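Have a look at the structure below before the remarks.
There are 2 protein chains.
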Amino acid sequence: MDTDILIIGGGPSGIITALTARHCYPDKVVTLVRREKFVVIPCAIPYIFGTLRDVEKDRIPDDVLRKAGINLVIDEVKDVDLESKRAQLVGGDEVSFDKLVLAVGSKPALPPIEGINLRNVFHVVKDPEHLVKMKKELDKAEKVVIVGGGFIGVEFADDLSRAGKKVTIVEMLPHVLSLSFDTEFGLMAEEELKRLGVELRTGVKVRRLLGEDFVNEVELESGEVIDADVVILATGAKPNTDLAERMGLQVSRYGIEVDEYMRTSHPDVFAVGDCAAKTDFFTRKKKFAMLASVATAEARIAGWNLYGIKALRKMRGTLGIFATKVGDLYLGVAGLTESIARVEGFDYVVGESTVPDKHPGTMPGTHKIRTKLLFTRVGGFFLGGQIAGGPTVGEIINLVGFAIESGYSAAEYVNLQIGTHPYLTPPPTTPATLTAAQDALTKIYGRK
Amino acid sequence: MDTDILIIGGGPSGIITALTARHCYPDKVVTLVRREKFVVIPCAIPYIFGTLRDVEKDRIPDDVLRKAGINLVIDEVKDVDLESKRAQLVGGDEVSFDKLVLAVGSKPALPPIEGINLRNVFHVVKDPEHLVKMKKELDKAEKVVIVGGGFIGVEFADDLSRAGKKVTIVEMLPHVLSLSFDTEFGLMAEEELKRLGVELRTGVKVRRLLGEDFVNEVELESGEVIDADVVILATGAKPNTDLAERMGLQVSRYGIEVDEYMRTSHPDVFAVGDCAAKTDFFTRKKKFAMLASVATAEARIAGWNLYGIKALRKMRGTLGIFATKVGDLYLGVAGLTESIARVEGFDYVVGESTVPDKHPGTMPGTHKIRTKLLFTRVGGFFLGGQIAGGPTVGEIINLVGFAIESGYSAAEYVNLQIGTHPYLTPPPTTPATLTAAQDALTKIYGRK
């Protein structure tokens, strides 16, 4: 079998690379090889168990590929020979290609805990069959222990408590969401988790999982033992670099090395999504950012640059913009948090605001929006933002992302025109992000 | 009485000019004179009758002024002598000032219709006493006729139908919202109004209002007669230029003439908000844009520029970003619509997308988001956007506003990083505005 462009992996970054390549190079043959019979939307996996209640409902339809004229092959790539530009599939076929894109995702990063192989201990992967099995056991379970209080763990806790489960989160760091948000935002999430009836054990590690065949207890290093019908390991993931290593591409523990055009160390091989290493927008250090939104941003870039670099289309550094939800609290983050800015030696000023998300604040369903923005002290340029509020937080944080990526200063930003509506936004007098930027300006220029 | 900065008018633009001036010039004395005992949030006036159910709930608290150390005077300015820089108040006081800001708002633009002075015929003004009286009559009314299907008329219809009233909108143009949105969006609003039980009479004028003392019928030019307990005239407003004319400032029918720093024809007098003329961002023609969000953007600029122009802080032209709501349909607009672009001779390309506002689309409460963006054919620069969808439309349209004001091209825009979440945003594979921008790109570059 012959193709011009071969994409390995059928998740969001594989799909978007394929679609972008079709837009940009309509005369090229595009083939996507993936293992899974159907693809789940990764971001919504935590919501399968209480909200969607069916793995099938979290499906990305294959129609989008078929309609675009992309060849879809359900198989696994065993090996790739870069010399002859041929991929061997497990099913026995061989595919020759001109350009190759690795979109092979991540693998769970499992902690070295005794008892991890007991039945009803689940890690979180994008494999529908695994998720169907997990759902079956979770449906029967009463008591669920989640190991890991990052955003995946917190989202599972939110959704499982909605489904009536008794949930405990065990997080070894002092607060949940510590790797993504500053402490005050983590504390808000903890308050909301408690309100939902979720038990929190923070600042403590799991010693071991206990049980005969099935898990039934989680023992903490504090000595506490927690009953568990199911244990979910939300302990993160690591880039899948297996194939890339076998191909002889440059990799590190952060993933397959790529340049700003998503090219690997081989000029005709690109890598996108969780398997590709990320460079932080500000620190320029390698980092992890396993988000479908980051993956698709990379895919749009790779898809355009396959045949001839379009200089404009490059990854200027990963911001890691995302939002999450705990009960009725919505959180968003983009760029640097204060804790990271401090550790990394940035000279920053914080601008803050608390405003209603509708106006007047007496409108039904009004949430408070708390905004914290970071700016460089000199020049007042955007470094990052965190927002807690209602369901509009997911789009407001995108404004912050745009401001960062566009190189806005606080002084220019407060000059921008904003649209408002009583049901939909804060008042025109106090837009959330403009008001926080004004607070920073006032601090920078030393005026009260 | 002496002040450094005198602001006339207590609405959003007056308040924000005062607060910005305090931030920027903490050593100056700021005095705000207004007529009203308390100030209502203008944007929420339509929601007083079905949602808030109390004029008091739509109040802007005076605390924000008092806490900032701004002198608040409840009185009316009779005249201003620019020679001696003194304002005479109706109550007899005199205020001498150094800088003057006119934030005197608008007056209803009443159509020349017979019967307009009958009782229970209400125009829409920001005067709390008028609104209390209007609310009293609307509470008793069963049948309400709204003259004018612009966004104020449509919002009144939405909220009054929620309150159980039998509502009819009479609009002389072929569709509601015609001045703000293209026809396909007006049609969506009409569908939703019908679903709410609102009667529509479009493409027809009101001939006269009938009744003895109280209005009881509305006669259309088609001959149709509609029963009415209350008639609301949502026929727009015109800038209040009375005082400015008496002061000898340059004015036109679009309002008090101002430069990009919000200075009038007198160097020490600024004008902001509905009373100030607007220049369109793209056409550079004068236009009306009586929105609190526009007014506050101008106020932030005026407040900073009172003593010495800060070149960065200028109005680059009014985009007129805003959102509105009809039942469960939310609409946003920024910049040029297609109908205006065509009339004004722009060479444009349309990019469109329809995506869910959550992901997967099977999430509960998912709305479809329909996005229409306009770009220049050459270069692909943003000209405008219209969005119909769910409650996140109010913030998504701000992304479009930012893109326009920042001079983004579609090619640069689709490169931007976006954050997503199942409950809060479209999928990472198809962000609403990026997907529409990609559609335009595909058209511009002639690829399928």
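Heads up: the protein sequence lines correspond to chains A and B, in order.
Here the numbering used here is used: the first residue of the first sequence is -19, the next is one more, and so on.
Here the numbering used here is used: the first residue of the second sequence is -19, the next is one more, and so on.
C-beta atoms are modelled at their ideal positions from N, C-alpha and C, and glycine is treated no differently.
These numbers come from a predicted model, not from an experiment.
Using a beta-carbon distance below 8 Å, is residue i in contact with chain A?
| i | result |
| --- | --- |
| residue 394/B | yes |
| residue 510/B | The first residue shown for chain B is -19 and the last is 428, placing residue 510/B beyond what the model contains. |
| residue 212/B | no |
| residue 76/B | no |
| residue 166/B | no |
| residue 243/B | no |
| residue 37/B | yes |
| residue 277/B | yes |
Output needed for residue i: all residues of its chain with C-beta closer than 6 Å, excluding positions within five of it in sequence on either side, in chain order.
| i | result |
| --- | --- |
| residue 194/A | 99 and 100 |
| residue 381/A | 299, 301 and 314 |
| residue 113/B | none |
| residue 424/B | 329 and 360 |
| residue 462/B | An answer regarding residue 462/B cannot be provided, because it is not within the stretch -19 to 428 covered by chain B. |
| residue 78/A | -16 |
Any C-beta of chain B sitting closer than 8 Å to the C-beta of residue i?
| i | result |
| --- | --- |
| residue 27/A | yes |
| residue 304/A | yes |
| residue 461/A | Lying before the first or after the last residue shown, residue 461/A is absent from chain A, which here runs from -19 to 428. |
| residue 342/A | yes |
| residue -8/A | yes |
| residue 346/A | no |
| residue 418/A | yes |
| residue -18/A | no |
| residue 183/A | no |
Starting from residue i, find everything on chain A with Cβ-Cβ shorter than 9 Å and list it in chain order.
| i | result |
| --- | --- |
| residue 23/B | 339, 400, 401, 402, 407 and 408 |
| residue 272/B | 400, 407, 408 and 409 |
Looking only at its own chain, which residues have a Cβ that is under 8 Å from the Cβ of residue i, when we skip the five neighbours before and after it?
| i | result |
| --- | --- |
| residue -5/B | 12, 19, 40, 44, 45 and 279 |
| residue 162/B | 317, 318, 319, 352 and 366 |
| residue 91/A | 127, 186, 213 and 215 |
| residue 9/A | -18, -17, -16, -15 and 51 |
| residue 266/B | 232, 234, 257, 258, 259 and 260 |
Chain A partners of residue i, CB-CB under 7 Å?
| i | result |
| --- | --- |
| residue 385/B | 396 and 397 |
| residue 299/B | 397 |
| residue -15/B | Chain A residues near residue -15/B: none, gap ~15 Å exceeds 7 Å. |
In chain B, which residues lie with their C-beta within 8 Å of the C-beta of residue i?
| i | result |
| --- | --- |
| residue 152/A | Here the premise fails: no neighbours, minimum Cβ distance about 25 Å. |
| residue 32/A | 340, 342 and 343 |
Who are the neighbours of residue i on chain A, taking C-beta pairs under 8 Å?
| i | result |
| --- | --- |
| residue 293/B | 391 and 395 |
Might you give, ordered along the chain, the residues of its own chain that have their beta carbon closer than 7 Å to the beta carbon of residue i, omitting 5 neighbours on each side?
| i | result |
| --- | --- |
| residue 54/B | 14 and 17 |
| residue 105/A | 88 |
| residue 307/A | 138, 172, 175 and 176 |
| residue 281/B | 241, 242, 293, 294 and 295 |
| residue 391/B | 360 and 421 |
At a CB-CB cut-off below 7 Å, which residues of chain B make contact with residue i?
| i | result |
| --- | --- |
| residue 422/A | 3 |
| residue -4/A | 409 |
Selection of the segment 350 to 382 of chain A by Cβ proximity to chain B, strictly under 8 Å: The residues in question are 371, 372, 373, 374, 375, 376, 377, 378, 379, 381 and 382.
Give the list of continuous beta strand (DSSP E) stretches no shorter than 3 residues that lie fully inside the segment 341 to 392 of chain A. Fully enclosed beta strand (DSSP E) runs of 3 or longer: 348 to 356 and 362 to 369.
Whole runs of the beta strand (DSSP E) within the segment -14 to 28 of chain B, excluding any shorter than 3 residues: You should have 10 to 14.
Along the segment 204 to 235 of chain B, where does the CB come closer than 7 Å to a CB of chain A? Name the residues. Taking 7 Å as the Cβ-Cβ cut-off against chain A, none of the residues of the segment 204 to 235 of chain B qualify.
Interface residues of the segment 3 to 22 of chain A facing chain B [CB-CB below 8 Å]: With the criterion set as a beta carbon lying under 8 Å from some beta carbon of chain B, the members of the segment 3 to 22 of chain A are 3, 4, 6 and 21, in sequence order.
Contact set between the segment 110 to 139 of chain B and chain A, restricted to residues whose Cβ is under 7 Å from the partner: Within the segment 110 to 139 of chain B, no residue qualifies.
Beta carbons nearer than 9 Å to chain A: which residues of the segment 242 to 267 of chain B have them? Per Cβ criterion, the list reads 261.
Entirely enclosed beta strand (DSSP E) segments - the segment 37 to 112 of chain B, minimum 3 residues: Look at the segment 37 to 112 of chain B and you find these whole runs of beta strand (DSSP E), each 3 residues long or longer: 51 to 54, 57 to 61, 66 to 69, 74 to 76, 79 to 82, 86 to 88 and 101 to 103.
4 or more residues per run - each alpha helix (DSSP H) lying fully within the segment 197 to 281 of chain A: The qualifying runs are 222 to 227.
For the segment 288 to 322 of chain B, which segments carrying the beta strand (DSSP E) assignment without a break, of at least 3 residues, lie completely within its bounds, in sequence order? Entirely contained in the segment 288 to 322 of chain B, the beta strand (DSSP E) runs reaching 3 residues are, in chain order, 302 to 306 and 309 to 315.
In chain order, which continuous runs of the beta strand (DSSP E) of length 3 or greater are located wholly inside the segment 113 to 161 of chain B? Within the segment 113 to 161 of chain B, the runs of beta strand (DSSP E) at least 3 residues long that lie entirely inside it are, in chain order, 123 to 127 and 146 to 151.
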